[in-house]
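The listed protein sequences correspond, in order, to chains P and Z.
Residues in the first sequence are numbered consecutively from 1, following the UniProt record's numbering.
Residues in the second sequence are numbered consecutively from 1, following the UniProt record's numbering.
Virtual Cβ for every residue (Gly too), placed ideally from N, Cα, C.
Note that the coordinates shown come from a computational prediction; the quantities given were computed from them, not determined experimentally.
In what follows, a structure is listed as structure tokens, so that the remarks can point back to it.
2 protein chains.
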Amino acid sequence: MAAKLNLDKLDLQIIHEMMENAEISYAELGKKLFVSGGTIHVRIKKLQELSVVKGTKLHVDLKQLGYDVIAFIGIYLEKSSLYDSVARELQKIPEIVRLNYTTGNYSMFAEIVCKDINQLRFVLHDELQKIKGIERTETFISLDESLNRNVQVFKE
Amino acid sequence: MAAKLNLDKLDLQIIHEMMENAEISYAELGKKLFVSGGTIHVRIKKLQELSVVKGTKLHVDLKQLGYDVIAFIGIYLEKSSLYDSVARELQKIPEIVRLNYTTGNYSMFAEIVCKDINQLRFVLHDELQKIKGIERTETFISLDESLNRNVQVFKE
DNA sequence: ATTGAAAGAGTCTCAGT
DNA sequence: ACTGAGACTCTTTCAAT
């Protein structure tokens, strides 16, 4: 699965820079990394072909858009084998933005983003309780997000 | 804090589209939403000034880059008041990519991304155990990520 | 593989509506 | 507030190294 990609320092530097700011021009990024804009272009094209780079996404302030509640949900399943069917049901709930099958206490771990506590309660009470296979859930509401960053793919 | 922003349908549609693909041109996006490219431009400028839009980020495949392990860590503190100092220490660990102060069982909740299990063990054993104020931790290793998406800011 | 230049495409500004 | 056109900047291609 994880093929030998053989990415060099420049590749990682480009990814590192653009993971924070994808708007920078090739010329400017080239200047920063001491190569020409053309080289940046060639490398990015290569990274896209290797599907290391999958595109760019707009970064928005969710609070400004009225999404004030982030919560994490630990989910206990009646049987582990129900994972796929429960995952399929959870996927239908747009407020669920992330879902992981995990080791440890919980069978699965979800993240949910809501406009307010009422909406969170609605999803937890009305939508989650309907799903067959969920034994019980534990909810952790985020009171403060002190860190949210990318992995550091290049250091030094 | 959450000021009255008065965003209309078009603003939300632009955000919705560009949250998935920020590379689309103004002309093309305008065609899709039945306005001119100039209007798209004006709206995006407005959204940037309101700091609803904070920029664009490169979307990369972390597995391809060798980051194979995602884990979640529930952290119990000796005293809740230690949150700030513990958060400051956790921030120094580059593998920790997210940190939330939460209600419920745990005092705080972290997400960590590592190249392999050895690196995860190193962070958990060597780095986390050094931090004063952490009582104990529970780790949930992700075996499968079945969902990772953005909030749906516009529907219909 | 990298470069620099030319062609093509996109962004940004602005006067008109 | 939206539009379209012109000025400007960036991306993309390509021949040379």
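Let me know if Y76 of chain P comes out buried or exposed under the rule of 16 or more other beta-carbons within 10 Å of its beta-carbon.
-> exposed
Delimiting residues of the beta strand (DSSP E) encompassing S142 of chain P | First-last of the beta strand (DSSP E) with S142 of chain P: I134 to N148.
Run down chain P in chain order and give the residues with a C-beta less than 7 angstroms from the C-beta of L58 of chain Z.
-> Under the 7 angstroms cutoff, chain P gives I15, M18, M19, A22, V53 and T56.
Are any of the Cβ atoms in chain P nearer than 8 angstroms to that of G104 of chain Z?
-> yes
Check the Cβ of Y67 of chain P against every Cβ in chain Z and list those closer than 9 angstroms, keeping chain order.
-> V151 and V153
Among Z:Q129, Z:V97 and Z:I15, which residue has its Cα nearest to the Cα of K45 of chain Z?
-> Z:I15
Report the rounded CA-to-CA distance for V52 of chain P versus S36 of chain P, giving the unit in angstroms.
-> Going by the C-alpha atoms only, they are around 22 angstroms apart.
Establish whether the CB of V97 of chain Z and some CB of chain P are separated by less than 8 angstroms.
-> At least one CB atom of chain P sits nearer than 8 angstroms to the CB of V97 of chain Z.
So which of P:L128, P:G66 and P:R149 has the shortest CA-CA distance to K115 of chain P?
-> P:G66
Could you confirm whether any beta carbon from chain Z is found closer than 8 angstroms to the beta carbon of L120 of chain P?
-> no
Can you check the region 60 to 135 of chain P for any alpha helix (DSSP H) of at least 4 residues that lies completely inside it and give the ranges in chain order?
-> 83 to 91 and 117 to 122
Three-state class that DSSP yields for V53 of chain P in the structure shown | strand
Could you tell me whether the Cβ of T139 of chain P comes closer than 8 angstroms to any Cβ of chain Z?
-> yes
Establish whether the CB of N6 of chain Z and some CB of chain P are separated by less than 8 angstroms.
-> no
Can at least three beta-carbon pairs, one atom from the region 100 to 120 of chain P and one from the region 143 to 154 of chain Z, be found at a separation below 8 angstroms?
-> yes
Can you give the beta carbon distance from L62 of chain P to T56 of chain Z, rounded, assuming they're within the 8 angstroms contact cut?
-> Incorrect: roughly 16 angstroms between the Cβ atoms, too far for contact.
Give a yes or no on contact between the region 76 to 96 of chain P and the region 115 to 134 of chain Z, applying the rule of three or more CB pairs nearer than 8 angstroms.
-> no
Output, in chain order, the set of chain Z residues within a Cβ distance shorter than 8 angstroms of Q91 of chain P.
-> S146 and L147
What does Y101 of chain P reach in chain Z if we use C-beta pairs closer than 9 angstroms?
-> In chain order: S142, L143, D144, E145 and S146.
Between the CA atoms of F34 of chain P and I40 of chain Z - distance to the nearest angstrom = 34 angstroms
Got a sec? Which residues, its chain only, sit under 7 angstroms from D11 of chain P by beta carbon, not counting five neighbours each side?
-> R43 and L47
Just curious, the alpha helix (DSSP H) that D11 of chain Z is in, first and last residue?
-> K9 to E20
Just reading off the alpha helix (DSSP H) that K31 of chain P is part of, what are its end residues?
-> Y26 to L33
C-alpha gap between E17 of chain P and E20 of chain Z, whole angstroms | 20 angstroms
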